[in-house]
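**Q** Can you read through this structure? Questions will come right after.
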Amino acid sequence: MSSKSQAGAPMPTHWRSDHQVLADELEQLHGVKAPPPSAHADESADPQQARRLFAAIHGLPPDDERAALCLSGGGIRSATFSLGVLQGLAQQGQLRRFHYLSTVSGGGYIGSWLTAWFQREQQRLGAGATADDARESVIGTLAAVGAGQVVEPPPLQRLRAYSNYLSPVRGLSADFLTLLAIYLRNLALNWMVLLPVLVAVLLLPRLHLAVLQAAPSSDWVLVLVAVAAVLCVGLTIAFMASDLPAPASRDPDADAPPQDLRQPPASEFTIGATVPLVLAAVLLAWLGAWLSVSSPDGPAAPALQTWRTWLLDRDDSWRAPLWFVAGGAVLHGVAGLLGGHLLRPWRNAVAGQRQATWPVMLAVLLSGAVGGVLLWWLLSLAIQNGAALQAGMGWYATLALPCLLMVFWAGLTALIALSRRFGTEDDREWWARAAGSWLGVGVVWFLLALLVIQLPVWLLSIEWLQTPAGAKTAGAGAAALGVLTSVAGYLSKQGPVLKKRAEGLASALGLRLLDLAAAVFILALLVALNLGVSSMLQRLDPEVAARTLAADTVAYGRACQGLKAEAKQAVDVCADARLNPVTQAQAHYGLALQHAVAQWPLLGIALLVTISVIVSWLIGTNTFSLHGLYGNRLVRAYLAASRSAGGRRPHWFTGFDPADNLAMAAVDPGAVKPGASPRSKPLFPVINVALNMVAASGKRLEWQQRKAAPFTISPTFCGSPETGYVRSTHYVGGISLGRALTLSGAAASPNMGYNSSPLVTFVMTLFNVRLGGWLPNTGQGHEAAWARGEPPTSTGTLWDEALGRTSSETPFVYLSDGGHFENLGLYEMVRRRCRHIVLVDAGCDPDYLFGDLENAIRKIRIDLGIEICFPDGLPGPAADGRPARHLALGCIQYDRADAEAPPGMLYLIKPVLTGDEPFDVQRYAAATKQRPPAFPQQSTGDQFFDETQFESYRMLGLHSVRNSFPRRGHWPISTASSPLSGAAASSADGGVAGAGGLDDDLATGAAQLHEAVRVPASNLLRDMGGAVAGAARGATAAAALAVGGALGVTGAVSLSNSELTLKDPEGVMSRVQARLSEQSINDMAAAVASAVRASGAGAGVPDLQPLLQAVQQASAALAGQDSTPASLREALLALSGQVEQLTGKAAPLPGQLAGLGTQAEAVATRLAAFNDALSTTALHQMDTAARQVAGAASAMQVAAKALQDAAGRPLQLTVEQAAAVASAASDIRDIKTAVEKLPPRLPVRGTSIDGGRP
């Protein structure tokens, strides 16, 4: 964490570290007191404390294991699909099992809707009602929709009514016009902050050029400019001497550097070294321009002439350069001594002292001499070429400042070369970084001057741009390009979808097409503003206006002279027609540059900056962004839905009611009392937001790609692991649920975490595409800002937003859509070590690339050290022989970070069409294929749903859950053809962590078996709950031990009646100590076999002797036959082993019988083929062998057919036999006890998201 309490300094009352917040949630949600706190402020200072906390979470009892529901971002598409998921989970008895409700963006719409409904339902039930009563009531209402309840409850009806939540009434309605009016108003106000500053910056080169062309008003001005330039250079040298690193001590016993050093801000170098040096370069450039005039006029003319003569003295040509050499050396020496001995201790920013030895002083003096002589050379060069310089003053203004900065750089280069023998590598690194900073200023000035002075002249030489049609086309095109760039910048949040669309030249250059469009628009904007400034100066500056009129008069006269006598009556018209628009436009612009008076640009800069500062103080940063527009409509649609029609009092004109919103602290579900057993878990809301850190920071260089950190808002605390947390009641004056919801869904923001682009950021800020918000930093040291809703002025923050300079170290931080960090809400739930996580991934993903999941898995592995894998693959449409499915099971390998931690289960639900959806959903999907991306992956940019679209997504979500959670109150089991690997199977069925535990599961299964006499084997095994999970097709059952995952074994667990066989193809069990598992496995085998025998599963099973005899007959027939294929011998040997294993057992299962029959049939086919080969020979002994093999093949065919028939028949069970299944509960408890005694289990292995090993 970046914010840590200082030693001995008390923590703010309402501030908490990341560890403390997790500990508070453990006590609130589970009634479990966290391990005793450490003396340290956060877990980074005491890693053992964090381990103890996570161990306590992993050790929660089975009926209270942490479960979370994550609803991903994706706008209203995600919200509506998630609504169906919530209804399905309620109907299947799952919604009451979640401790956390983690939401992002669109998932936050519906999550906040549900949270607000809980709180208002508690109010409706009356004073004695508890939060548990309210949850049960709401969940019951949700479950009844479509299952006996004819009319939807009002909260659902309102969601349908406001599915087009931004503008509920379609077309050119009052809602739409209101949106347009708000946008234009806010855009104009923000332009009053941004555009004046841009114009002021464009006036700087004009001001510089005007001063260069003006004569100094007196001798004193000349002297003051020269002295100021010298002082600025001296300040730069003094600062450098105060900041250079001290040489490392060679004494191993030397004391460590003092710990009370001041940590200077990043701007200190700019103020101390860059600004003075640039100012010196500007002043020296002025002097050079003034001295270059061969015949100066004005009050300072005599002084200028004297300086010119002295610098170019032909008689004593050595005198002037000698003075410059001596002056440069003295200036460097004196400034260096003052900086090293006085400024360095006062700044207290760098440890150690630098010794002023004679080699060091000599190098400093010589470098100063080099700089002095170079400066003399440049000034004399300007004087000698005065006429050319005056003619090309525009290029002088462009190049003089960078060249003078290069003079100082040359002096530094000389110093570095001279000090090689006694200088250090740290010194050279410091000099290089400083030179890079000055180089950057020179490049920026060169580009700015080129833009203002040179580029417009070139553009005005293009005749097409001077025509009315050309000018209008160029202007409209630039404006449209800016709008499109802003819109595309928002859509680029879709990430994986747009990654494939960078083509052509931009892709070849390594640029995004969006960046290229933004660059073109910015250039066009700056040129347009610059031309506007030029036009204004032509009217305001009397000197420019007079010269412009004179130039037009001359051009007009020349045009008139060429007219014929007969056309003189139309002289005005013809003269206007003959005027060359290109020549005149260039002339006007050149006159505005060359003859402007300095006070006009200076007055313009002062006035524009003043306007920007005053307006920014008046309007603030957040108030006139789109944050309020967006948030008000979300609150009206989603939070107002749970208010009764009679209780809501909207304004008659606007339709908004402030009471629709709720304080975040008001939706706190309350603490669970120790030992209490609420009927439903609290569904504690965690709203995920992104804390933008677009500006590269030395503290987080590894985050230059992600550019954001997680930030959460809950009823108790708001904050980030990077900064710490503040109580929600004290953050922003008590942050509201609507504010949190709006921030989490602020997708269209200039700073978008890992989607941010510097050029697009600027364009989106300029067009006010700003849904995010500036809120107080929750770190220590920023307590004064916690209660404020936004920064006091928007000047700094708005430009930080436009230039991508957001960070976690400023008093106010920029928060935006949680998807700008992680779009699933999974990161925070894994950080909280949830054992079961149902994840709804409803982001726009038409190609099923799973970009959001990829991003989440990567960040969880990097930050938390926890792996997530999907052994059965991922959900998606049918492809490569794999059936379409809505759900995939993943394994969260907590033991990678927490020793001995059990694995977690991730249930991933994805909007997928499997072909069994309701008819109307299928028809809607078919209709949208004509306008890709088709349902259910339509663009996130579509936030205007109609009734058909809303219902299709809702029903698909409901249908997905009904298919994925077939057993009420149980977690899903694997739906893929391959079995889950160890740990995945352990929790897939819910036997270990089910709501009612193993006893209830088995009792339920027995009760269901009482209702039927003929029960297929697959149903029997399924209803045995925690003991056996059915996973087969038809009547074939391949049973898997539900607790087998605790062993950490990769592979399937197969069952015969009295022994347990663990398939271990990778030799995992060989690395497990035998003493740790032998007794436990025996207990499991006995318990499960007992349950199978008690159920009567062996009734009606045929004798295996015929097959055994056929195998023996075949073995005898092949004995002594050297020509027998090796593959046939191996197949027969394997079959023999399988038959011997099952012979004599009481209850081989149908799946085993079917598999054995198939295997026997394959061997019989091979025997028949070998018989055909033997029959082609004429030898008597071969003929005999062929008859023996044919007989064995025939006998084996008959036995195989009998086994396959037996496997397909249902089992005959009596009521007593079915009831006996419940008696296995005590044996299952023994299994659970045995598993708990096992040592740390091995990590689960499976395939990662890309098909490789995790």
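In the working numbering, the protein residues as written are 57 to 1310.
Ideal Cβ placement from N, Cα and C applies to all residues, glycine included.
Here the structure is a predicted model, which is why all the values come from computation and not from measurement.
Look up GLU865 in the DSSP assignment and say whether it is helix, strand or coil.
**A** What you label residue 865 is simply residue 809 of the sequence shown in a count that begins at 1. Reduced to three states, the DSSP call for GLU865 is coil.
**Q** Hey, could you find the ends of the alpha helix (DSSP H) PRO766 is sitting in?
**A** As a first step, residue 766 must be located in the sequence shown, where it is residue number 710. Taken as a continuous stretch (DSSP letters only), PRO766 belongs to no alpha helix (DSSP H), being part of the beta strand (DSSP E) at 764-769.
**Q** Mind listing, in chain order, the continuous alpha helix (DSSP H) runs of no fewer than 4 residues lying wholly within the region 70-138?
**A** 74-86 and 103-114
**Q** In chain order, what residues of the same chain lie with their CB nearer than 8 Å to the CB of ASN1227, ignoring the 5 residues before and after it?
**A** Here the question's residue 1227 lines up with position 1171 in the sequence shown. Answer for ASN1227: ALA1242, VAL1245, ALA1246 and ALA1249, listed in chain order.
**Q** Going by DSSP, which residues form a beta bridge with MET961?
**A** To locate residue 961, count along the sequence shown from 1; it is residue 905. MET961 is bridged to HIS892 and CYS947.
**Q** Ordered along the chain, which non-local residues of its own chain (more than five positions away) have a Cβ less than 6 Å from that of SER1033?
**A** For the purposes of this step, residue 1033 is identified with residue 977 of the sequence shown, where counting begins at 1. No answer about SER1033 holds up, because its pLDDT of 33 lies below 50 and its placement is not dependable.
**Q** Beta carbon of TYR156, beta carbon of ALA106: below 8 Å?
**A** Along the sequence shown, one-based indexing puts residue 156 at 100. Along the sequence shown, one-based indexing puts residue 106 at 50. For TYR156 and ALA106, no; Cβs fall outside 8 Å.
**Q** Looking at VAL745 and GLY860, is the spacing between their C-beta atoms short of 8 Å?
**A** Within the sequence shown, the letter at position 804 stands for residue 860. Within the sequence shown, the letter at position 689 stands for residue 745. The answer is no: Cβ separation not under 8 Å.
**Q** With 16 other CB atoms within 10 Å as the buried threshold, where does LYS985 fall?
**A** Residue mapping note: residue 985 aligns to position 929 of the sequence shown, counting from 1. Exposed: under 16 other Cβ atoms inside 10 Å.
**Q** Out of curiosity, what's the CA-to-CA distance linking SER776 and THR862?
**A** Locating residue 776 in the sequence shown gives position 720, counting from the first residue. Locating residue 862 in the sequence shown gives position 806, counting from the first residue. When rounded, the distance between both Cα atoms is 15 Å.
**Q** Assuming HIS683 and THR772 form a contact by the criterion Cβ under 8 Å, report the distance between their Cβ atoms to the nearest whole angstrom.
**A** Position 627 of the sequence shown, counted from the first residue, corresponds to residue 683. Position 716 of the sequence shown, counted from the first residue, corresponds to residue 772. Contact flag wrong, Cβ pair sits at about 24 Å.
**Q** If I follow the unbroken alpha helix (DSSP H) through ASN688, where does it start and stop?
**A** The count along the sequence shown starts at 1 and reaches residue 688 at position 632. Here the alpha helix (DSSP H) through ASN688 covers 683-690.
**Q** Please identify the residue among ALA1251, PHE1021 and ALA1255 whose C-alpha is closest to the C-alpha of VAL141.
**A** Position 85 of the sequence shown, counting from 1, holds the residue named residue 141. Of the candidates ALA1251, PHE1021 and ALA1255, the one whose C-alpha sits nearest the C-alpha of VAL141 is PHE1021.
**Q** Count the other C-beta atoms from every protein chain shown that fall within 10 angstroms of the C-beta of GLU865, then say buried if there are 16 or more, exposed otherwise.
**A** Numbered from its first residue, the sequence shown carries residue 865 at position 809. Per the 10 Å Cβ criterion, buried.
**Q** Which class does PRO320 belong to by DSSP, given the choice of helix, strand or coil?
**A** Taking the first residue of the sequence shown as 1, we reach residue 320 at position 264. Coil at PRO320, not helix or strand.
**Q** With a cut-off of 8 Å, do at least 3 Cβ pairs link the region 275-290 to the region 693-707?
**A** no
**Q** Classify PRO252 as helix, strand or coil using the three-state DSSP reduction.
**A** To locate residue 252, count along the sequence shown from 1; it is residue 196. Here PRO252 sits in helix by DSSP.
**Q** Based on the DSSP secondary-structure assignment, which residues constitute the bridge partners of ALA935?
**A** As a first step, residue 935 must be located in the sequence shown, where it is residue number 879. DSSP output for ALA935 lists ARG938 as bridge partner(s).
**Q** State the DSSP-derived secondary structure class of LEU880, mapped to helix, strand or coil.
**A** For the purposes of this step, residue 880 is taken as residue 824 along the sequence shown, with counting starting at 1. LEU880: coil per DSSP, three-state reduction.
**Q** To the nearest angstrom, how far is the alpha carbon of GLN1260 from that of PRO1162?
**A** Numbered from 1 along the sequence shown, position 1204 holds the residue referred to as residue 1260. Numbered from 1 along the sequence shown, position 1106 holds the residue referred to as residue 1162. Roughly 14 Å separates the two Cα atoms.
**Q** With a Cβ-Cβ cutoff of 8 Å, do TRP486 and ILE472 count as a contact?
**A** Counted from its first residue, the sequence shown places residue 486 at position 430. Counted from its first residue, the sequence shown places residue 472 at position 416. Against a cut-off of 8 Å, the Cβ pair of ILE472 and TRP486 comes out as no contact.
**Q** For ASP873, which residues does DSSP report across the bridge?
**A** Taking the first residue of the sequence shown as position 1, residue 873 is located at position 817. DSSP, once it has assigned bridges, lists VAL745 as partnering ASP873.
**Q** Would you call ASP976 buried or exposed, if buried means 16 or more other Cβ atoms sit within 10 Å of its Cβ?
**A** Position 920 of the sequence shown, counted from the start, is the residue given in the question as residue 976. Result: exposed.
**Q** Are there 16 or more other CB atoms within 10 angstroms of the CB of ARG1070, so buried, or fewer, so exposed?
**A** For the purposes of this step, residue 1070 is taken as the residue at position 1014 of the sequence shown. Reliability of the predicted coordinates at ARG1070 is poor, the pLDDT of 31 falling under 50, and no value is obtained from them.
**Q** Can you tell me the Cβ-Cβ gap for PRO261 and LEU593, rounded? I've got them flagged as a contact below 8 Å.
**A** As a working mapping, residue 261 is identified with position 205 in the sequence shown. As a working mapping, residue 593 is identified with position 537 in the sequence shown. With 8 Å as the limit, PRO261 and LEU593 do not qualify as a contact, their Cβ atoms being about 13 Å apart.
**Q** Can you confirm whether PRO224, when its beta carbon is compared against all beta carbons of chain C, has any partner nearer than 8 Å?
**A** Within the model displayed, chain C is absent; a lone protein chain is all it includes.
**Q** Is GLY184 buried or exposed, if buried means 16 or more other CB atoms sit within 10 Å of its CB?
**A** In the sequence shown, counting from the first residue as 1, residue 184 sits at position 128. By the 10 Å Cβ count, GLY184 comes out exposed.
**Q** Quick one: Cα of LEU585 to Cα of VAL255, how far?
**A** In the sequence shown, counting from the first residue as 1, residue 585 sits at position 529. In the sequence shown, counting from the first residue as 1, residue 255 sits at position 199. Their backbone Cα atoms lie some 7 Å apart in a straight line.
**Q** Helix, strand or coil for VAL257? Go by DSSP, reduced to three states.
**A** Sequence index remark: in the sequence shown, residue 257 carries index 201 (1-based). Three-state DSSP puts VAL257 in a helix.
**Q** Please list the segments of the alpha helix (DSSP H) lying wholly inside the region 142-203, counting only runs of 4 or more residues, in order along the chain.
**A** 161-181 and 187-200
**Q** With three or more beta-carbon pairs closer than 8 Å as the criterion, would you say the region 115-129 touches the region 138-154?
**A** Touching, yes, given that three or more Cβ pairs across the two stretches are closer than 8 Å.
**Q** Can you tell me whether DSSP reads ALA715 as helix, strand or coil?
**A** Within the sequence shown, numbered from 1, the residue matching residue 715 stands at position 659. Helix, per DSSP.
**Q** Among residues of its own chain, excluding the 5 on either side of ALA796, which ones have a beta-carbon nearer than 7 Å to its beta-carbon?
**A** In the sequence shown, counting from the first residue as 1, residue 796 sits at position 740. Closer than 7 Å at the Cβ level, and outside the excluded window around ALA796, lie MET720, ILE743 and ILE769.
**Q** Using only the alpha-carbon positions, how far apart do GLY87 and PRO117 sit?
**A** Reading the sequence shown from its first residue, position 31 is the one you call residue 87. Reading the sequence shown from its first residue, position 61 is the one you call residue 117. Straight-line measurement puts the Cα of PRO117 at about 12 Å from the Cα of GLY87.
**Q** Between ALA337 and VAL513, what straight-line distance do the alpha-carbon atoms span, to the nearest angstrom?
**A** The sequence position of residue 337 within the sequence shown is 281, counting from 1. The sequence position of residue 513 within the sequence shown is 457, counting from 1. When rounded, the distance between both Cα atoms is 26 Å.
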